[in-house]
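Numbering (the UniProt record's numbering), first residue to last: 1 to 371.
Here it is as structure tokens:
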């Protein structure tokens with residue numbers, strides 16, 4: 001792996017290799033995301049010293065571990081892009097380059113419910129000048145730094161001795177979080193303690209950049225499709241959610257579905273009931289409905305009209321398989337037609353919606369959100 005300083009990139013508007021040398025902070029960053037072992041060892045190693053890290057993970061990792069991605073963010077760490085398939089980006093065409101970015105952004109957004117940060121680290125530090133020009137089209141920044149070479153499997157003591165002198169103001173340390181670097185958490189635990197002893201705060205990359213006056217952008221996608229009514233639609237089981245008893249029943253039922261948006265722990269039911277009560281405050285442009293039969297709720301949808309579009313703001317189903325989502329799309333198509341809406345859109349579950357729309361014969365596309 002090449003040293004970014006040897007390539008002439010100390011700090012530019014696009015490629016960042018270090019933070020502000022006058023501020024007592026550093027960044028611990030990690031590439032990949034482990035597929036066969038848990039990432040908890042890396043998180044614990046940081047947190048035992050009050051440190052926050054930035055994890056440049058693949059889209060494959062995000063798709064496989066969405067709950068862990070949400071947990072990582074909730075614990076104060078940061079996620080950024082590392083392509084979807086861990087490709088050598090210097091070897092791919094422009095179409096594949098942007099496809100890799102889009103797939104990773106979609107995986108991030110669907111896993112976390114947040115817009116994707118426009119920060120990337122290239123696998124193997126593999127990129128060409130032409131790749132940087134392409135990144136400018138999407139307002140990305142490349143994050144590099146000091147390569148700890150933990151991927152080569154050096155003894156822990158040797159790795160600590162190699163990295164310790166680099167613990168200075170503004171350093172960005174590059175580690176790995178994968179099956180090859182299983183010893184890295186123990187090294188990080190020691191280095192976090194050494195950094196603390198030097199008065200250095202370990203912060204996420206976004207905080208390090210902000211201290212340099214550099215803002216981090218983000219990108220958000222949506223799926224949208226045109227409603228087309230079909231004779232086979234199943235609409236008879238949908239009811240408007242209204243009244244305290246109905247809200248309590250829906251809250252109790254849906255809290256058991258494992259929906260990632262539902263709260264957990266003490267007060268979960270009370271907090272979830274408050275959320276659904278907000279959904280129920282509908283007007284002529286808002287809909288809050290549930291699919292109900294056999295004395296149970298099987299789905300709910302919270303939607304509102306924005307211009308010529310019916311926006312699916314929140315929805316969930318009791319069953320996780322895709323056919324349960326078909327009922328939601330059928331209801332949305334019917335409701336949009338009734339309301340005179342040209343489009344239906346959502347920022348949730350975009351890839352599954354797009355595929356199901358193709359099967360249902362709806363014209364559909366995944367597009368970048370404006371603004």
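Just so it is clear, CB atoms sit at the ideal spot from N, CA and C, and this is done for glycine as well.
Under 8 Å by Cβ, that's how I've got residue i and residue j pegged, so tell me the actual separation to the nearest angstrom.
i	j	result
residue 16	residue 163	In fact, because the Cβ distance is near 19 Å, the residues do not count as touching under 8 Å.
residue 42	residue 185	5 Å
residue 24	residue 169	6 Å
residue 297	residue 254	6 Å
residue 83	residue 205	So it is not a contact: roughly 17 Å between Cβ atoms.
residue 252	residue 276	With 8 Å as the limit, residue 252 and residue 276 do not qualify as a contact, their Cβ atoms being about 10 Å apart.
residue 309	residue 345	5 Å
Alpha carbon to alpha carbon, how far is residue j from residue i? Give it in angstroms, no decimals.
i	j	result
residue 327	residue 235	8 Å
residue 198	residue 173	16 Å
residue 133	residue 100	16 Å
residue 166	residue 146	8 Å
residue 127	residue 182	27 Å
residue 95	residue 32	22 Å
residue 340	residue 288	18 Å
residue 187	residue 53	14 Å
residue 365	residue 90	28 Å
residue 362	residue 46	47 Å
residue 284	residue 192	55 Å
residue 178	residue 61	11 Å
residue 3	residue 108	Bear in mind that the predicted position of residue 3 carries a pLDDT of just 44, short of 50, making it unreliable; the figure below should be weighed with that in mind. Cα to Cα, residue 3 sits roughly 28 Å from residue 108.
residue 63	residue 291	28 Å
residue 286	residue 65	33 Å
residue 245	residue 280	12 Å
residue 80	residue 114	12 Å
residue 51	residue 27	9 Å
residue 314	residue 348	8 Å
residue 6	residue 19	Because residue 6 carries a pLDDT of 37, less than 50, the predicted location of this residue cannot be relied on, and the following value inherits that uncertainty. Rounded to whole angstroms, residue 6 to residue 19 spans 18 Å at the Cα level.
residue 261	residue 201	32 Å
residue 72	residue 295	37 Å
residue 74	residue 86	25 Å
residue 355	residue 299	20 Å
Taking C-alpha atoms, which residue in the options lies nearest to residue i?
i	options	result
residue 136	53, 33, 298 and 217	217
residue 203	78, 250 and 152	78
residue 374	208, 150, 82 and 331	It is not possible to answer for residue 374, since the shown part of the chain is limited to 1 through 371.
residue 369	53, 71 and 102	102
residue 59	122, 93 and 44	122
residue 237	331, 318, 261 and 156	331
residue 215	117, 156 and 315	117
residue 222	105, 274, 251 and 205	105
residue 323	229, 359, 313 and 109	359
residue 312	335, 124, 28 and 180	335
residue 319	338, 259 and 353	259
residue 130	75, 200 and 14	14
residue 264	194, 55, 67 and 27	67
residue 180	211, 152 and 220	152
residue 304	295, 233 and 343	343
residue 229	144, 333, 269 and 329	333
residue 98	138, 70, 274 and 76	138
residue 211	157, 171 and 270	171
Is residue i near the ligand MN, going by C-beta to nearest heavy atom under 8 Å?
i	result
residue 39	For the ligand MN, the structure offers nothing, since it holds no ligand at all.
Under DSSP, the alpha helix (DSSP H) around residue i begins and ends at which residues?
i	result
residue 53	Run containing residue 53: none in the alpha helix (DSSP H); it sits in the beta strand (DSSP E), 53-57.
residue 314	Counting along the chain, residue 314 falls outside any alpha helix (DSSP H), though it belongs to the beta strand (DSSP E) covering 309-317.
residue 192	184-197
residue 334	322-339
residue 354	350-360
residue 103	94-112
residue 389	Residue 389 lies beyond the residue range present for the chain, which begins at 1 and ends at 371; the question has no answer from this structure.
residue 252	244-254
residue 206	205-210
residue 162	156-163
Quick check on residue i: buried or exposed, where buried means 16 or more other Cβ atoms within 10 Å of its Cβ?
i	result
residue 150	buried
residue 34	buried
residue 10	The pLDDT assigned to residue 10 is 41, lower than 50, so where the model puts this residue is not dependable; a value taken from the coordinates is nonetheless given after this. Residue 10 is exposed by the Cβ-count criterion.
residue 38	exposed
residue 227	buried
residue 350	buried
residue 321	exposed
residue 120	buried
residue 376	In this structure the chain extends from 1 to 371, so residue 376 is not present and cannot be described.
residue 338	exposed
residue 242	exposed
residue 306	exposed
residue 57	buried
residue 256	exposed
residue 317	buried
Check for me: the beta strand (DSSP E) holding residue i runs from which residue to which?
i	result
residue 23	Counting along the chain, residue 23 falls outside any beta strand (DSSP E), and DSSP gives it neither H nor E.
residue 69	Taken as a continuous stretch (DSSP letters only), residue 69 belongs to no beta strand (DSSP E), being part of the alpha helix (DSSP H) at 66-74.
residue 222	221-225
residue 367	364-368
residue 282	Looking at the DSSP string, residue 282 is not in any beta strand (DSSP E), and its letter there is neither H nor E.
residue 343	343-346
Contact criterion: CB-CB distance below 9 Å. Does residue i meet it with respect to chain C?
i	result
residue 222	The structure shown contains no chain C; it is built from a single protein chain.
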